[in-house]
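**Student:** In this note's numbering, the protein residues as written are 19 to 854.
No residue lacks a Cβ here, since even glycine has one placed at the ideal position from N, Cα and C.
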């Protein structure tokens, strides 16, 4: 997860720097990337265990969700649809799949075995707050799997490319303030962004040929048409090939600069007519599939297709589908066949125990439901499913040029990182300036070499000179790549100074290498300066670009806490923050932090961080709501200043108010920190919009409290602190979800607050706290969700989620280059959620 630091500058000559809280970053996984120009690698997770006991698909008429069904019936068909809709300009390459919801929202495709309305965040490829939410059932019925794969492709159209919809939502009046929302007077187009079950193509200029704004009116045209009088110039293909900077104001307002202009569509003349589409083959119009598209002329507000494009038999439709995908003689294309939809396609089940091969028919047979009369016949090419046991590969990079006190704090943090590293992981240690010609410690299993690694760090001495990030990262990458398999995760942990900059291409280099960078910037004393490079990028930009997380720390205890959070996130753990505390010192006595546990909090854990020299002075307890005292977990390491207590609440037997207790048997002069976390599907996502030199709009905090659907009618408060003194300057600011001011849409589970004209220039941190009330509900009826609205579901009162503020020091007198200038502006959550 990336800490999106924003330097707020737009209102005075001096720099105002506001550090947003640690946001949960969605869909910025290091495995999600474009390879070359035309291959796009994706990440996905499922909310079940396909290795232990694959469940039946939710809803009536479903199939058993085995690996082959997931791979061959869902993901392969998704790859086909992406290939067809983009005219082969994008081919899906490797899809990395995780079970049991691993990585949470930090994947591109969430496959959710529940009945609900699928949706996605628009134009959020490799951006914060984005993912696609794809439910395997709707209206109580299991989705036909080919149609479901097209659901995913439709949602990827929103999430990856920033498309709006081309369908009509009956009975809904058009809202002039929400041009992105389909309405009852919209005119449809015969595209996958209208009806994914019927169509495979995207819109072209010809689809908006009449020059009549009335018949061209739909969400896509309202956002992206360059001819605002006639609503022309905004078809999908015209938009794909256009620089987002040249989008009309409505489109820019919608995607907020986050729409990616992919190299595959640059310098390309877009197909202007349907006849110019080489991968379009028509629509099924057999007796079971009757729609307006199969009529002899445009029916009311629905676009028809020419008679020559209507296919009368399901078998003929399949043959045409396979041919458009690259198959020959009526057969589907084979995996790996050049020039086809599956030339680069591969699925890796990252957390499976061993490679397996499965036939394409397993779990299909008669159980495959035919929904809405569409007859499906999938290809019978033998297909391999890849699985393995992954190794987590790490390199720790230490900046030896830190000032003396900060360097000693960094060493303590580095030692703890190694001491607490997960069993089975591989670690190397790199220093800059180096101590010799190679790494301080070459990559080795932490299980056998932990003591040697820690001793090497303990023996490190500070060095004058320059921190050379480029050389250090080249060494680090060589270490993590040694014997690395494709399923192995890789991460570089950097401990350096707050304000350090690194070469501008380092983030993209790490992304290409599928290596996340978790950076910690240590607070420097007054008068000290960090290492910088001309035209460089900040630690935050480095981490965001690579799919990692950046944070800042005043001391070793805070650095350890941040590093362990980042390590848990890098390993795919999904957790929420229930409470946090930081004590600069403790008097003799007892310190108690209370927190609330609800049925949504499954495994609750209290983590304490302290100076190991104080371990004899401190003891720790966790008291459940029933008054039961829980003792230290075996995973605690008091010798390295870490205490852990866990409570299993999977059965909901520990709901209520609990207490995390520190007992100091004598005064403690050193810092002690606490995080209380829970494994939970409900998370708090925070982002800061505007306020950079490149985007000098008034800064706005935007928050989403969400599970599988956002939570509306919660109480969300923010407090802003002076970063130097730690004192609050603005307390208990209310973020609203009322559709007024900077909030886009009322009661959609997205909360907003403007900080315009409320802060003097300076350095600040933010914390956000969200609490549910008796009125709080899950709100599945998001923008662009098709079909009848479904009832909201109660959440229950008392659920608490918190955020953690970070520290950033803004130079006084302005930014020459702007430390956050490389960051794209954050998208407003409101119009960015799209459903089908």
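Taking the C-alpha atoms as reference points, what is the distance between residue 450 and residue 514?
**Tutor:** 10 angstroms
**Student:** Check whether the segment 113 to 127 touches the segment 187 to 207, counting contact only when three or more Cβ pairs, one atom from each stretch, lie closer than 8 angstroms.
**Tutor:** no
**Student:** So who's on the other strand from residue 185, going by DSSP bridges?
**Tutor:** BP columns for residue 185 are empty, so no partner.
**Student:** Is the segment 612 to 624 touching the segment 658 to 678 in the sense that three or more CB pairs, one from each, lie closer than 8 angstroms?
**Tutor:** yes
**Student:** For residue 460, I'd like the list of residues in its chain whose CB is within less than 7 angstroms of its CB, leaving aside the five on either flank, ordered along the chain.
**Tutor:** 446 and 497
**Student:** Do you know how far the Cα of residue 237 is from the Cα of residue 133?
**Tutor:** About 26 angstroms.
**Student:** Decide if residue 489 is buried, meaning its Cβ has at least 16 other Cβ atoms within 10 Å, or exposed.
**Tutor:** exposed
**Student:** Please list, in chain order, all residues of the same chain as residue 247 whose beta carbon is under 7 angstroms from its beta carbon, the five residues on each side excluded.
**Tutor:** 231
**Student:** Closest to residue 643 by C-alpha separation, out of 634, 336, 567 and 616, would be which residue?
**Tutor:** 616
**Student:** Look at the Cβ atom of residue 49, then the Cβ atom of residue 532, and state whether they are nearer than 7 angstroms.
**Tutor:** yes
**Student:** Measure the C-alpha to C-alpha separation of residue 549 and residue 662 and round it to an integer number of angstroms.
**Tutor:** 36 angstroms
**Student:** Does residue 851 pass the burial test, meaning 16 or more other C-beta atoms within 10 Å, or should it be called exposed?
**Tutor:** Summary for residue 851: the model assigns pLDDT 40, below 50, so the residue's position carries little reliability; its value from the coordinates is reported in the next sentence. With 16 or more Cβ atoms within 10 Å of its Cβ, residue 851 is classed as buried.
**Student:** Give me the residue from 723, 97 and 657 with the minimum Cα distance to residue 433.
**Tutor:** 657
**Student:** Assign residue 479 to buried or exposed, taking buried as 16 or more other Cβ atoms, counted over all protein chains shown, within 10 Å of its Cβ.
**Tutor:** exposed
**Student:** For the alpha helix (DSSP H) containing residue 151, name the first residue and the last one.
**Tutor:** Where residue 151 is concerned, there is no enclosing alpha helix (DSSP H), although the beta strand (DSSP E) it sits in stretches over 150 to 156.
**Student:** Cβ of residue 113 within 6 angstroms of any heavy atom in the ligand NAD?
**Tutor:** Of the ligands one can find in the structure shown there are none, so the ligand NAD has no counterpart to examine.
**Student:** Thinking C-alpha only, which one of 206, 197, 211 and 158 is nearest residue 175?
**Tutor:** 211
**Student:** Sorted by chain position, which residues of the same chain lie with C-beta nearer than 7 angstroms to residue 151's C-beta, five sequence neighbours on each side aside?
**Tutor:** 128, 130, 136, 137, 138 and 726
**Student:** Of all the options 255, 228 and 258, which has the alpha carbon lying nearest to the alpha carbon of residue 249?
**Tutor:** 228
**Student:** Looking at the unbroken alpha helix (DSSP H) that takes in residue 675, where does it start and where does it end?
**Tutor:** First-last for residue 675: 674 to 682, but that is the beta strand (DSSP E), not the alpha helix (DSSP H).
**Student:** Please say whether residue 625 and residue 690 have beta carbons closer to each other than 7 angstroms?
**Tutor:** no
**Student:** Run through DSSP, which three-state label would residue 838 get?
**Tutor:** Summary for residue 838: the model assigns pLDDT 26, below 50, so the residue's position carries little reliability, and this model does not support an answer.
**Student:** To the nearest whole angstrom, what separates the beta carbons of residue 680 and residue 638, a pair I think is in contact under 8 angstroms?
**Tutor:** 6 angstroms
**Student:** Can you tell me the Cα-Cα spacing of residue 98 and residue 369, whole angstroms?
**Tutor:** Straight-line Cα distance between these residues: approximately 25 angstroms.
**Student:** From residue 791 to residue 695, what distance separates their C-alpha atoms?
**Tutor:** 20 angstroms
**Student:** Measuring CB to CB, does residue 703 end up less than 7 angstroms from residue 796?
**Tutor:** no
**Student:** Work out the CA separation of residue 197 and residue 511 for me, nearest whole Å.
**Tutor:** Rounded to the nearest angstrom, the gap between the Cα atoms of residue 511 and residue 197 is 44 angstroms.
**Student:** Starting from residue 237, follow the alpha helix (DSSP H) in both directions and report where the run begins and ends.
**Tutor:** 237 to 242
**Student:** Looking at the structure shown, is residue 484 part of a helix, part of a strand, or coil, going by DSSP?
**Tutor:** Correct three-state label for residue 484: coil.
**Student:** For the segment 319 to 336 against the segment 351 to 371, do three or more pairs of beta-carbon atoms, one drawn from each stretch, fall closer than 8 angstroms, so that the two count as touching?
**Tutor:** no
**Student:** Using 8 angstroms as the Cβ pair cut-off and three pairs as the minimum, do the segment 151 to 167 and the segment 181 to 191 touch?
**Tutor:** Taking a cut-off of 8 angstroms for Cβ pairs, the segment 151 to 167 and the segment 181 to 191 do not touch, as fewer than three such pairs fall below it.
**Student:** From residue 670 to residue 613, what distance separates their C-alpha atoms?
**Tutor:** 15 angstroms
**Student:** Taking Cβ positions, are residue 773 and residue 717 nearer each other than 7 angstroms?
**Tutor:** yes
**Student:** Pairing CB atoms from the segment 100 to 119 with CB atoms from the segment 563 to 572, are three or more of them under 8 angstroms?
**Tutor:** Verdict: no, contact absent.
**Student:** Buried or exposed for residue 646, please, with buried defined as at least 16 other CB atoms from any protein chain shown within 10 angstroms of its CB.
**Tutor:** exposed
**Student:** Using a Cβ-Cβ cutoff of less than 8 angstroms, which residues in the same chain neighbour residue 219 once the five nearest sequence positions on both sides are dropped?
**Tutor:** 102, 103, 208, 209, 210, 292, 295, 297 and 298
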